Every structure is written in structure tokens, then in C-alpha cells.
Amino acid sequence: MNEFKPVQFVDVALEGQFWRERLETVLTRTIPSQHVQLGKHGILQSLTLPNPPPLSSPRNQHNFVQMFWDSDAGKWIEAASYALSHRPEADIEARIEKIVDDLENAQAPDGYLNCWYLQREPDKRWTNLRDNHELYNLGHLLEGGIAYFLATGRRRLLDILERYVDHVRKTFGPNPGQKHGYCGHQEIELALVKLYRLTGEKKHLDLAAYFINERGRQPHYFDQEAAARGERPRDCWAKRYEYNQSHRPVREQTKVVGHAVRAMYMFSAMADLAAELNDDSLKKACEVLWADVMTSKIYITSGLGPAAANEGFTEGHDLPNDTAYAETCASVALIFWAHRMLHLDLDGRYADVMEQALFNGALTGLSRDGEHYFYSNPLDSDGRHSRWAWHICPCCTMNSSRLIASVGGYFVSASEDAIAFHLYGGISTNIRLATGNVFLRETSAYPSFGSIRIEVSPDAPAEFTVKLRIPGWAHEAEASVGGYPVDVTACTRNGYLSISRLWNAGDTIALELPMSPERIYAHPSVKQDIGRVALKRGPLVYCVEEVDNPGGRVQRLKLPRDARIETVERGDLFDGVVTLTASAQRVEDQGWGDSLYRNAPPIASDCRLTALPYYLWNNRAKGSMQVWLLES
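The working numbering applies: residue 152 is where the sequence shown begins, and numbers increase by one.
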């Protein structure tokens with residue numbers, strides 16, 4: 152297993168313009184506005200016992216009401232705590248403390264803490280793990296409690312949740328009198344691994360392993376549970392246990408199926424456990440499932456899940472653009488999984504996907520103003536798809552903010568004698584190696600430009616290795632140390648350039664990652680993209696929007712295969728962005744009149760096409776959008 156460990160977000164300062172701007176928006180607008188929305192929609196009130204608030208959410212198509220308000224509060228605490236680590240704010244801390252007061256008051260004497268059940272159905276707790284998210288809620292609360300402790304040193308919330316975890320440990324397990332179950336929506340496993348890493352108490356790791364190992368075993372727990380409720384198991388609304396990845400034990404799963412977010416959370420936990428327990432069988436299962444996603448089930452934007460019906464996967468190569476579900480939460484969770492796979496094997500292919508998901512799938516979910524969101528992320532829109540201020544299921548809102556506020560934790564990892572850079576964008580950090588402390592500052596205008604400078608300053612001269620990720624899209628990368636060139640081809644293995652030497656304070660590495668625009672084509676089995684081309688530059692996927700391409704819907708644009716694609720720096724757009732432009736054609740409707748069909752092809756007029764990074768779409772005027780362009 153890989154000896155590298157990630158440098159925590161609290162130890163990484165974001166200094167580059169791109170991430171500072173996004174972080175500032177989250178700190179000043181997103182997190183405060185989310186708290187307002189949590190209050191407006193009764194979610195904060197739902198934590199205040201004993202009087203339950205009116206149900207503010209209607210039943211969905213499966214006759215469920217939202218029973219997982221606790222998780223929304225937990226994710227907000229987590230995001231707000233990450234924000235506090237960047238800039239302490241008494242008001243935000245007071246709001247967190249008010250939620251902690253409510254949770255402390257609500258907790259049952261035996262440690263149980265789920266506000267829905269304590270308020271409305273106290274006799275039914277732990278009776279429907281398949282559908283009702285009790286352990287999922289605990290997982291997000293626990294991650295929030297850990298983040299709050301790391302940011303502030305306050306542990307009252309963590310103490311409350313550890314009492315709840317003790318209750319769960321007594322309730323679930325392999326022994327007689329315990330429930331042999333697991334949650335229908337995976338998440339608790341991730342939180343338990345984090346708690347183990349914080350406390351060093353192996354009982355938390357053992358409980359996470361139990362939930363993963365028990366999943367899908369026969370007799371099936373959800374069948375037994377349904378029978379105990381007086382229901383027929385086959386009447387489950389989802390019909391098949393592939394929906395929540397409990398159709399077979401996790402090590403026997405070879406195809407990625409079902410709800411995309413649940414799958415990504417589960418695979419992330421499997422990778423965590425593979426690393427902590429040195430479990431090769433879990434590692435192998437992760438590798439098999441990773442290959443299935445990468446070869447047939449991921450959008451170019453890193454979106455996951457084409458279907459709204461199950462918020463997830465169908466068959467391989469089914470990647471429709473206009474109806475793509477591609478939930479924001481799924482791309483965020485893919486980042487979690489890729490980051491964990493990267494720490495099983497330091498392999499650039501995992502970092503490539505992590506970067507792809509970060510810049511294209513996840514960032515799209517949050518608007519530039521920081522207060523509007525995408526739940527689903529299509530790659531083709533007629534103009535009707537737009538951002539919303541809130542959602543009946545607001546999971547993606549806090550997933551976006553907690554990712555951005557903690558993004559520093561994805562940049563760098565370290566072992567005893569090496570430092571590895573996975574992402575670029577302007578950071579500084581101090582890292583402790585076996586040879587002593589090393590200060591690093593990475594300076595760049597990434598992802599717009601690929602010129603990167605890294606200052607390496609150990610407290611005293613020391614020998615160690617610095618590894619720099621060379622992205623898969625970066626052809627003919629160049630590097631130098633102190634002005635002396637490095638042979639990138641000879642020194643690069645598994646996507647990482649290794650530079651080993653005696654380092655002195657002030658040494659500098661220069662890395663050039665060429666960012667020429669390129670055309671991308673989909674496998675012919677993706678029938679929706681036959682005859683189409685997508686544009687990419689560096690880590691960014693591009694799209695065309697109607698606001699930049701006047702004349703009607705962009706679906707009528709055609710890009711000639713021999714058209715030269717040029718870059719244009721636009722300082723007037725979104726505080727500076729690089730657009731792509733090319734000579735193109737627009738299909739016209741001249742001469743058609745009322746005819747639906749005719750025996751002459753339509754006229755195509757010459758025009759100039761402008762494309763901008765996909766993550767920025769729908770931040771201006773409403774209009775059509777397209778990633779995959781017709782090619783002529």
C-alpha cells in the first residue's frame with residue numbers, strides 16, 4: 152500500500168486567485184445563506200425537541216417525506232467548520248453552538264440521537280434502515296463534529312456523537328441480540344474511519360468494517376427487516392437491491408450499479424478500509440469497480456449517473472446529454488473516492504479523475520454568486536435547466552460548500568521522505584519529513600495557465616524527493632530546478648515526476664504544462680455522441696452557451712474538423728477566464744416555411760463559435776448550452 156498521507160486542509164493555505172475567489176464566496180455568501188435557508192425550511196426547527204415542526208416537504212414519488220434533516224445540519228456544520236479554519240467568525244461559531252445545544256437537549260439517555268424518530272416515531276427507531284437514513288444522518292453529523300473539533304478545539308458536539316456511536320456499536324454487530332444490519336444509504340462508514348484516525352481507537356474502524364463486510368450477505372437484512380414490519384420484501388419501491396449496492400457482498404461486486412452517490416460513498420469507505428487494514432481483497436474490488444466506471448459510465452465532465460429514476464447508473468455507454476442526471480453530490484463523492492484510491496497507489500490516473508471531477512463536475516454545482524445550485528448537471532440544455540436557490544433535498548448545497556472550503560486537503564501528500572503534489576492552483580504549506588520541516592509555496596494561475604513555480608525551503612539542507620503530478624492531458628511537459636532542466640520523460644513514473652536531491656532553502660522548481668486546446672471524441676458505443684466533438688483545454692471541459700453565440704439555440708452550431716481553435720483571454724468575464732473560439736457554421740431554417748420535411752438540406756451560414764469552461768455555464772442570461780458539438 153502507498154505510504155503517502157494527505158496534508159490536512161487546515162495545514163494548507165490557498166493563495167492563488169482561482170481558489171481564493173471561490174473560498175471567499177463560500178465564506179461570505181454560501182455558508183451564511185445556507186443557514187438562512189435551513190431556518191426558512193424548518194430544518195433547524197426540526198432539531199428542537201420536543202415539539203416537531205410542521206412537515207414543510209411534500210411526499211416524493213415514492214411516498215417518502217424527508218427524514219434526514221439531521222444530515223443537512225451536519226453537513227452545514229462541517230462546511231462552516233472548514234470555513235472557521237480559514238477565518239474565525241464569532242457569528243458562525245455561535246450558530247454552530249446553537250445547533251449543538253439543540254442536539255444535546257434532544258439526545259436520548261441511551262445515546263440515540265435522530266430528531267425525526269425522537270419527535271415523531273420513537274417506537275420505530277432502527278426498524279427501516281433500508282429507507283430512512285438513521286446511520287446516514289449520524290455519519291454526516293459525525294463528520295461535522297470532527298471538522299468542528301479540528302477547526303476550534305471544541306469537542307462538546309464530538310462527545311455527543313461519540314455517545315451516539317457507542318449506542319450504535321451496542322445495537323449493531325455479529326453477536327446474539329444485535330441487529331445484523333447496515334444503512335440503506337452508505338455514509339456512516341466514512342465518518343467512522345475519520346473518527347478512528349482522529350482518536351486512534353480501533354473500535355471505530357472495526358464498526359466501519361462490520362458495516363461494509365455485512366452488506367449484501369444472506370439472509371438479506373433488508374428482507375428480514377421488511378418482514379418484521381409486516382411488509383413483503385418484494386414491495387420495496389426500488390424493486391432491486393442493486394439500488395443501494397446491497398445485492399451481493401461488496402467484494403463480489405464487479406459492476407457499478409444503482410444510486411450513484413451511495414456507490415461512491417461506499418467505494419470511498421472500501422478504499423479507506425483497504426488502506427487501514429491492509430486488505431488486498433477490498434483494494435482489488437475497488438480497482439475492478441473503478442475500471443467499470445472509467446471504461447463505460449463516466450461523462451467527460453466526470454458526471455455520474457444518466458438516470459433520474461434511480462439517481463444513478465444504467466448500462467455501460469448509456470450517456471445521454473440532455474437528460475443526464477449527473478448529480479453534483481456524485482461528482483463530489485467521486486473526488487472522495489479518487490483521493491482515497493490515490494493513497495492506495497500513488498498513480499496519476501486517480502489524480503487525473505480527481506481533478507476532472509473537481510473542475511468540471513463538482514464546481515458546476517455552485518453558482519458564481521454562491522447562493523444558487525445545480526442538483527443535476529446535463530451536458531445539453533434547451534435553456535430551461537437553471538439553478539435553484541434551494542431544493543426539497545438540499546444535499547448538494549452543503550456538499551458543494553464543504554468541498555470548496557476543504558479543497559486545500561486535496562493538493563499535497565507526504566511520506567517520511569517525499570512530498571507529492573496532486574493539484575496546482577497557488578498554495579503554501581509546512582510539511583514535517585523525517586529530515587525536518589519543509590516550507591513549500593506553489594505559485595500559478597492554474598487552471599487557466601500551466602506555468603507553475605514551486606519554492607522548496609527546508610529548515611536545514613536535506614535530501615528528500617518532490618513528486619509532481621504530470622496530468623494525462625499535459626503533453627510535452629517541461630521542468631527545471633534552479634534553471635537546470637529535468638528529463639521529464641525519464642523521471643516520470645505512474646504520472647508523477649520525481650526529483651530527488653539535496654534541497655536548500657529557496658530552491659525553486661519550474662514546471663510547464665502546455666495547455667493547447669484539444670478535441671475529444673467519445674467511444675462509438677456512446678451513441679449520443681457519434682458525429683460530435685467536445686473541446687477541452689488543460690483540466691477544463693468547455694461548452695457553448697447561447698449568450699456568447701447569438702442567433703438561436705447552440706444545438707444548431709457545427710464545428711468543422713479542420714477549424715483552428717484559438718484561445719482568448721477575457722479579463723472582462725468572470726474576473727478573468729480563457730475562452731475558446733473557432734470558425735463554425737450555424738444551420739438555418741430559411742426557406743422551410745411550414746414544412747416539416749423537404750428533399751433539400753438546410754442552409755449553413757458561417758459564424759464564429761465561442762466556448763467557455765463548463766463549470767461557469769448558467770451564471771448569466773438563460774439560454775441553451777451544449778458540450779458535445781456537431782462536427783462537420
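The beta-carbon is built from N, C-alpha and C at its ideal position, and this holds for glycine as well. Everything numeric in this text was worked out from a predicted model, so none of it was measured.
What do you reckon, are the CB atoms on R620 and F572 nearer than 7 Å?
Mapped onto the sequence shown, residue 620 falls at position 469. Mapped onto the sequence shown, residue 572 falls at position 421. Less than 7 Å divides the Cβ of R620 from the Cβ of F572.
Identity of the residue in L286, A513, K406, K773 nearest A359 by Cα
What you label residue 359 is simply residue 208 of the sequence shown in a count that begins at 1. Nearest C-alpha to A359: L286.
Could you pull out every residue in the same chain whose Cβ sits closer than 8 Å to the Cβ of A164, ignoring the five residues on either side in sequence?
Stepping through the sequence shown from its first residue, residue 164 is reached at position 13. Within its own chain, the residues whose Cβ lies closer than 8 Å to the Cβ of A164, once the five positions on either side in sequence are excluded, are G559, I578, S579, T580, listed in chain order.
So what does DSSP say about S756, is it helix, strand or coil?
In the sequence shown, counting from the first residue as 1, residue 756 sits at position 605. Under the three-state reduction of DSSP output, S756 falls in the strand class.
With a CB to CB cut of under 7 Å and the five nearest residues on each side skipped, what residues in its chain are close to A484?
On the sequence shown, position 333 is the one that residue 484 refers to. Correct list, in chain order: V412, M415, Y416, S419.
Apart from the five residues just before and just after N283, which ones in its own chain have a Cβ nearer than 6 Å to its Cβ?
Here residue 283 refers to the residue found at position 132 of the sequence shown. Here the set comprises M218.
Along the chain, where does the alpha helix (DSSP H) containing G295 start, and where does it finish?
Residue 295 sits at position 144 when you count from the first residue of the sequence shown. Note, G295: alpha helix (DSSP H), 285 to 303.
Give me the residue from G467, T515, A475 with the minimum Cα distance to A460.
Position 309 of the sequence shown, counted from the start, is the residue given in the question as residue 460. For the residues G467, T515, A475, the minimum Cα distance to A460 belongs to A475.
Looking at C-beta atoms only, is the number of pairs between the region 593 to 604 and the region 547 to 561 that lie closer than 8 Å three or more?
Under the Cβ criterion (8 Å, minimum of three pairs), the region 593 to 604 does not count as touching the region 547 to 561.
Starting from P183, trace the alpha helix (DSSP H) in both directions and tell me its first and last residue.
The residue you call residue 183 lines up with position 32 of the sequence shown. Note, P183: alpha helix (DSSP H), 182 to 191.
Using a Cβ-Cβ cut-off of 7 Å, state whether Q258 counts as contacting chain B.
Checking the listed chains, one finds no chain B in this structure; it contains a single protein chain.
How should W624 be labelled, buried or exposed, when 16 other C-beta atoms within 10 angstroms of its C-beta is the threshold for buried?
Taking the first residue of the sequence shown as position 1, residue 624 is located at position 473. Note on W624: 16 or more other CB atoms within 10 angstroms of its CB, so buried under the neighbour-count rule.
Using DSSP's beta-bridge definition, name the partner residues of S652.
As a position in the sequence shown, residue 652 is number 501, starting the count at 1. For the record, residue 652 in the displayed sequence is Arg; it is not Ser. As DSSP reads the structure, R652 sits in a beta bridge with F615.
Straight-line CA distance for V161 to I570?
Translated into positions along the sequence shown, residue 161 becomes position 10. Translated into positions along the sequence shown, residue 570 becomes position 419. Note on geometry: alpha-carbon atoms of V161 and I570 lie some 17 Å from one another.
Under 7 Å between the Cβ atoms of L341 and Y347?
Numbered from its first residue, the sequence shown carries residue 341 at position 190. Numbered from its first residue, the sequence shown carries residue 347 at position 196. Their beta carbons are not under 7 Å apart, which means L341 does not touch Y347 by this criterion.
Could you give the distance in angstroms between the alpha-carbon of A565 and the alpha-carbon of E669?
For the purposes of this step, residue 565 is identified with residue 414 of the sequence shown, where counting begins at 1. For the purposes of this step, residue 669 is identified with residue 518 of the sequence shown, where counting begins at 1. Each residue's alpha carbon lies about 33 Å from the other.
Where F323 and T659 are concerned, what is the direct C-alpha to C-alpha distance, given to the nearest angstrom?
Within the sequence shown, numbered from 1, the residue matching residue 323 stands at position 172. Within the sequence shown, numbered from 1, the residue matching residue 659 stands at position 508. Linking F323 to T659 through their CA atoms gives a straight-line distance of about 53 Å.
contact_flag[the region 717 to 736, the region 671 to 683] where n(CB pairs < 8 Å) is 3 or more
As far as the Cβ criterion goes, the region 717 to 736 does not touch the region 671 to 683, which means the pair count is below three.
Residues near T179 by beta carbon distance below 8 Å, same chain, minus five either side:
To locate residue 179, count along the sequence shown from 1; it is residue 28. Excluding residues within five positions, the ones whose Cβ falls inside 8 Å are G521.
Distance CB(T452)-CB(N364) smaller than 7 Å
Taking the sequence shown and counting its residues from 1, one reaches residue 452 at position 301. Taking the sequence shown and counting its residues from 1, one reaches residue 364 at position 213. It is not a contact, given that the beta carbons lie outside the stated cut-off.
Among the candidates N202, K226, A230, whose CA atom is the shortest distance from the CA of E272?
The count along the sequence shown starts at 1 and reaches residue 272 at position 121. Taking E272 as reference, the option from N202, K226, A230 with the minimal CA-CA separation is N202.
Taking only three categories from DSSP, how would you classify T474?
As a working note, residue 474 is residue 323 in the sequence shown. If DSSP states are grouped into helix, strand and coil, T474 belongs with coil.
Around the Cβ of E696, are there at least 16 other Cβ atoms within 10 angstroms (buried) or fewer (exposed)?
Along the sequence shown, one-based indexing puts residue 696 at 545. Buried: at least 16 other Cβ atoms inside 10 Å.
Name the one or two DSSP bridge partners that K406 has.
In the sequence shown, residue 406 corresponds to position 255, counting from 1. Paired residue(s): none; K406 is not in a bridge.
Between I311 and Q258, which are expected to be in contact by the criterion C-beta below 8 Å, what is the C-beta distance as a whole number of angstroms?
Mapped onto the sequence shown, residue 311 falls at position 160. Mapped onto the sequence shown, residue 258 falls at position 107. For a cut-off of 8 Å, the C-beta gap from I311 to Q258 is around 6 Å, short enough to register as a contact.
Which same chain residues end up closer than 7 Å to E593 when comparing Cβ atoms and leaving out the 5 residues on each side of it in sequence?
Within the sequence shown, the letter at position 442 stands for residue 593. For E593, where only same-chain residues beyond five positions count, the Cβ hits under 7 Å are F572, Y575, G577, I578, I603, I605.
Continuous alpha helix (DSSP H) stretch holding Q375: start and end
Walking along the sequence shown from the start, residue 375 turns up at place 224. In the DSSP assignment, Q375 falls within the alpha helix (DSSP H) that extends over 372 to 379.
Buried or exposed for L289, please, with buried defined as at least 16 other CB atoms from any protein chain shown within 10 angstroms of its CB.
Mapped onto the sequence shown, residue 289 falls at position 138. The Cβ neighbour count for L289, taken over all protein chains shown within 10 Å, is at least 16; the residue is labelled buried.
Could you say which of H336, D423, G587, L691 lies nearest to A389 if we only look at CA atoms?
Walking along the sequence shown from the start, residue 389 turns up at place 238. With distances taken between Cα atoms, A389 lies closest to H336.
Are the beta-carbon atoms belonging to H494 and N279 less than 7 Å from one another?
Your numbering for residue 494 matches position 343 in the sequence shown. Your numbering for residue 279 matches position 128 in the sequence shown. Contact: no.
In the structure shown, what three-state DSSP assignment does S783 receive?
For this step, residue 783 is matched to residue 632 along the sequence shown. Correct three-state label for S783: coil.
Who are the near neighbours of A231 in its chain, counting only those whose CB is closer than 7 Å to its CB and skipping five residues on each side?
For the purposes of this step, residue 231 is identified with residue 80 of the sequence shown, where counting begins at 1. Excluding positions up to five away in sequence, the list reads I182, I243, I247.
Apart from the five residues just before and just after E166, which ones in its own chain have a Cβ nearer than 8 Å to its Cβ?
Translated into the one-based positions of the sequence shown, residue 166 becomes position 15. Excluding positions up to five away in sequence, the list reads G577, I578, S579, R592, T594.
Top-ranked residue by Cα proximity to A513, from S222, V692, L308:
The residue you call residue 513 lines up with position 362 of the sequence shown. Cα-wise, what sits closest to A513 is V692.
When you compare only the Cα positions, how much space is there between V738 and L781?
Within the sequence shown, residue 738 is the residue found at index 587, counting from 1. Within the sequence shown, residue 781 is the residue found at index 630, counting from 1. Straight across, the Cα-Cα distance linking V738 with L781 is about 11 Å.
Just mark N326 as buried or exposed, buried being the case when its beta carbon has 16 or more other beta carbons within 10 Å.
Mapped onto the sequence shown, residue 326 falls at position 175. Exposed, since its Cβ has fewer than 16 Cβ neighbours within 10 Å.
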